[in-house]
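Residue numbers (our numbering): 178 to 371.
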């Protein structure tokens, strides 16, 4: 409705779209570039390109998917041009689905003292190392799923990959992370009760 209104000359409709999506797009970009200033610039460029291209929007995909594709392409260009090292870090928030509820329940209440804090830091570093070791398509798909909450279909559209490839990438990414942190979780819990 907003897109059609904008295409019909209602400029206020685009302002509403910016208000609705700006924080999510900025967060997705910042998760990759880790620089608030750069993320802000790339977010502005994303919406500028969307503004210019929206009259030709074909409604073949959702607006959010289309917008994320623009943002992803800008981030890819930013890294390719040597402005920043590609660094798709995924925060530990929302990782319950990746780790499984049982694993997160096991982590609750572990941090009490310096030893527990060190164990938590080692676990976080282990998770990040396993994420850093993922292929770019696996990392990107996992980030869009965990950080942005996109559906598999939206991720497939955004990344221009078949749906089953996206499912496979996310499954393999989660399995890789789980395999990498399982020994760390076991060691953390063992240390807690010694």
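We put the beta carbon where it would ideally sit given N, CA and C, even for glycine.
Starting from the Cα of residue i, find the closest Cα among the options and give me that residue.
i, options, result
"residue 236", "340, 334 and 356", "334"
"residue 348", "360, 362 and 317", "317"
"residue 327", "201, 189 and 195", "201"
"residue 199", "216, 209 and 183", "216"
"residue 358", "221, 342, 298 and 314", "298"
"residue 230", "209, 191 and 206", "191"
"residue 206", "362, 338, 325 and 356", "325"
"residue 258", "221, 214, 210 and 343", "210"
"residue 256", "187, 204, 219 and 189", "219"
For residue i, which of helix, strand or coil comes out of DSSP?
i, result
"residue 218", "helix"
"residue 323", "helix"
"residue 328", "coil"
"residue 348", "helix"
"residue 340", "helix"
"residue 335", "helix"
"residue 310", "coil"
Just the C-alpha distance for residue i and residue j, rounded to the nearest angstrom, thanks.
i, j, result
"residue 319", "residue 354", "11 Å"
"residue 252", "residue 312", "16 Å"
"residue 272", "residue 323", "For residue 272, the pLDDT reaches just 43, beneath the cut-off of 50, and the residue's location in the model is therefore unreliable, leaving the point undetermined."
"residue 331", "residue 250", "16 Å"
"residue 340", "residue 321", "14 Å"
"residue 226", "residue 178", "20 Å"
"residue 228", "residue 336", "21 Å"
"residue 223", "residue 352", "33 Å"
"residue 196", "residue 360", "44 Å"
"residue 194", "residue 350", "32 Å"
"residue 346", "residue 233", "31 Å"
"residue 183", "residue 243", "16 Å"
"residue 245", "residue 295", "36 Å"
"residue 356", "residue 180", "44 Å"
- alpha helix (DSSP H) segments (min. 4 residues) lying fully within the stretch 187-264: Those alpha helix (DSSP H) runs which fall completely within the stretch 187-264 and span 4+ residues are 188-210, 213-230 and 240-257.
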